[in-house]
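J.:
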DNA sequence: CCAATATCAAGAATAATTCCAATCTAGGAG
DNA sequence: CTCCTAGATTGGAATTATTCTTGATATTGG
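Protein chains in written order, with our numbering: chain U, 59 to 199; chain R, 59 to 199.
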């Protein structure tokens, strides 16, 4: 079994991140995301965080999420026009959205592949961010 | 030069599409999208359409766009949390968002490539829709 | 031509997110 | 240790894109 990506303890703190003050709120938001590696919306994060910080406001959750995203500790993912979701998998990856269950699975690139191997990029394009989302079904097994 | 994708006359009508009633509003929305192959928002489409149909409402533009999308005549594309944009290129393709100019370029797949060539898909996944968005810059030429 | 159905328009309603102003807090300077 | 300040948090208001609702219109099949 391959745990390459998921080996950080669920309740560990992010290592010191320059310019980021680790407040209790940010810590808990981060902990909650690491603890259950689904792709919760800000609202879902809020619900989960409230178990330990009952007074935290949704605005603060949004702030924390934004800060963590800005510092590269988590990723924000958008599907269609739905609420943004947040993902603790910082590695470059895509998502597969199972229409039947609603579940979202991380999709990794095969090792060694290069964007320009399969896409006709405009000449001189410098890619800073990639977003790949697939929608479909898992065949009944 | 390769015009494979863009050879439909700009003001042509979509060929008969089962179950789609081609009203003047839908026709004009479609015409406007075909005429300028950028990626306008519903609002931009509304402005453009109003030149010929001054009384059309934004709600109708939304309705028309949704209908055209449902019938596969245009595609809806979402970048981040911005307004949806609409794209007359129905072929499977991705988008490159130039951070500097804000321009959006269609990106084609290299011929013959297969999703599973570069992505680790979950076993049994049947992909129904692909969305690939790149963000970056065009190197100064 | 008439009834059934689909479309349109205008504005109200919704939902996610951001903004704002008023506290609050942590950490460094003294 | 205490004060000061920058940054963080809060709750609620504001914003924005989009959808919904309702009544009026138009179109089509019979």
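C-beta atoms are modelled at their ideal positions from N, C-alpha and C, and glycine is treated no differently. What you are looking at is a predicted structure, and each value in this text was computed from that prediction instead of being measured.
For residue 69/R and residue 94/R, I'd like the C-alpha separation in whole angstroms.
T.: Counting from one through the second chain, the residue named residue 69/R turns up at place 11. Counting from one through the second chain, the residue named residue 94/R turns up at place 36. Its pLDDT being 42, under 50, residue 69/R is placed unreliably by the model, and the measurement read from it follows with that caveat. Inter-residue distance for residue 69/R and residue 94/R is about 10 angstroms (C-alpha atoms, whole angstroms).
J.: Measure the alpha-carbon distance for residue 191/U versus residue 151/R and round it to whole angstroms.
T.: To locate residue 191/U, count along the first chain from 1; it is residue 133. To locate residue 151/R, count along the second chain from 1; it is residue 93. The straight-line gap from Cα to Cα measures roughly 12 angstroms.
J.: What is the residue span of the beta strand (DSSP E) that residue 133/R lies within?
T.: For this step, residue 133/R is matched to residue 75 along the second chain. Taken as a continuous stretch (DSSP letters only), the beta strand (DSSP E) holding residue 133/R covers 133 to 135.
J.: According to DSSP, simplified to helix, strand and coil, what is residue 90/R?
T.: Locating residue 90/R in the second chain gives position 32, where the first residue counts as 1. Correct three-state label for residue 90/R: helix.
J.: Starting from the beta carbon of residue 193/U, find every residue of chain R whose beta carbon is closer than 7 angstroms, and list them in chain order.
T.: Start at 1 with the first residue of the first chain, and residue 193/U comes out as number 135. By Cβ distance, chain R contributes 186, 187.
J.: Do we get a CB-CB distance below 8 angstroms when we pair residue 165/U with the residues of chain R?
T.: Sequence index remark: in the first chain, residue 165/U carries index 107 (1-based). Yes, contact with chain R.
J.: At what residue ranges does the stretch 141 to 198 of chain R contain a whole run of the beta strand (DSSP E), taking only runs of 3 or more?
T.: Scanning the stretch 141 to 198 of chain R from its first residue to its last, the whole beta strand (DSSP E) runs of 3-plus residues come out as 143 to 145, 152 to 156, 162 to 167, 183 to 196.
J.: Go ahead and label residue 197/R buried or exposed: buried means 16 or more other beta carbons lie within 10 angstroms of its beta carbon, across all protein chains shown.
T.: Within the second chain, numbered from 1, the residue matching residue 197/R stands at position 139. Exposed.
J.: If we call anything under 8 angstroms between Cβ atoms a contact, is residue 144/U one with residue 91/U?
T.: Residue mapping note: residue 144/U aligns to position 86 of the first chain, counting from 1. Residue mapping note: residue 91/U aligns to position 33 of the first chain, counting from 1. Their beta carbons are under 8 angstroms apart, which means residue 144/U touches residue 91/U by this criterion.
J.: Under three-state DSSP, which class holds residue 60/U?
T.: Locating residue 60/U in the first chain gives position 2, counting from the first residue. Confidence at residue 60/U is low in this model, with a pLDDT of 42, below 50, so its placement is unreliable and the value that follows should be read with caution. The answer is coil: DSSP assigns residue 60/U none of H, G, I, E or B.
J.: Please report the residue range of the alpha helix (DSSP H) in which residue 99/R lies.
T.: As a first step, residue 99/R is located in the second chain; it is residue number 41 there, counting from the start. Segment: none, residue 99/R is in no alpha helix (DSSP H) and carries neither H nor E.
J.: Taking the Cβ atom as the reference point for each residue, do residue 111/R and residue 82/R lie within a distance shorter than 8 angstroms?
T.: As a first step, residue 111/R is located in the second chain; it is residue number 53 there, counting from the start. As a first step, residue 82/R is located in the second chain; it is residue number 24 there, counting from the start. Their beta carbons are under 8 angstroms apart, which means residue 111/R touches residue 82/R by this criterion.
J.: Mark residue 181/R as exposed unless 16 or more other C-beta atoms lie within 10 angstroms of its C-beta, in which case mark it buried.
T.: Residue numbering aside, residue 181/R sits at position 123 when the second chain is read from its first letter. Flag for residue 181/R reads exposed.
J.: Are at least three pairs of beta-carbons, each pair with one atom in the stretch 152 to 172 of chain R and one in the stretch 100 to 115 of chain R, less than 8 angstroms apart?
T.: no
J.: Got a sec, what are the start and stop residues for the alpha helix (DSSP H) residue 78/R sits in?
T.: What you label residue 78/R is simply residue 20 of the second chain in a count that begins at 1. Secondary structure note for residue 78/R: it is in no alpha helix (DSSP H), with a DSSP letter that is neither H nor E.
J.: Taking Cβ positions, are residue 177/U and residue 165/R nearer each other than 8 angstroms?
T.: Here residue 177/U refers to the residue found at position 119 of the first chain. Here residue 165/R refers to the residue found at position 107 of the second chain. Their beta carbons are under 8 angstroms apart, which means residue 177/U touches residue 165/R by this criterion.
J.: Are the Cβ atoms of residue 147/U and residue 139/R separated by less than 8 angstroms?
T.: Sequence index remark: in the first chain, residue 147/U carries index 89 (1-based). Sequence index remark: in the second chain, residue 139/R carries index 81 (1-based). No; because the gap between Cβ atoms is not below 8 angstroms, this pair is not in contact.
J.: Using a Cβ-Cβ cut-off of 8 angstroms, state whether residue 159/R counts as contacting chain U.
T.: Here residue 159/R is taken as the residue at index 101 of the second chain, counted from 1. No, residue 159/R does not count as interfacial toward chain U.
J.: Just mark residue 124/R as buried or exposed, buried being the case when its beta carbon has 16 or more other beta carbons within 10 Å.
T.: The residue labelled residue 124/R in the question sits at position 66 within the second chain. It is exposed - the Cβ of residue 124/R has fewer than 16 other Cβ atoms within 10 Å.
J.: Report the residue from 179/R, 162/R, 169/R whose alpha carbon sits nearest the alpha carbon of residue 183/U.
T.: Start at 1 with the first residue of the first chain, and residue 183/U comes out as number 125. When only C-alpha atoms are compared, the closest one is 162/R.
J.: Of all the residues that make up the stretch 170 to 182 of chain U, which are near chain R by a beta-carbon distance shorter than 7 angstroms?
T.: Cβ contacts with chain R: 171, 175, 176, 177, 178, 179, 180, 182.
J.: Compare the C-alpha of residue 185/R against each of 187/U, 188/U, 195/U, 86/U and name the closest.
T.: As a working mapping, residue 185/R is identified with position 127 in the second chain. Shortest Cα-Cα distance from residue 185/R to any of 187/U, 188/U, 195/U, 86/U involves 195/U.
J.: Buried or exposed for residue 187/R, going by 16 or more other Cβ atoms inside 10 Å?
T.: Stepping through the second chain from its first residue, residue 187/R is reached at position 129. So residue 187/R ends up on the exposed side.
J.: When you compare only the Cα positions, how much space is there between residue 189/U and residue 149/R?
T.: Here residue 189/U is taken as the residue at index 131 of the first chain, counted from 1. Here residue 149/R is taken as the residue at index 91 of the second chain, counted from 1. Residue 189/U and residue 149/R: Cα-Cα distance of roughly 19 angstroms.
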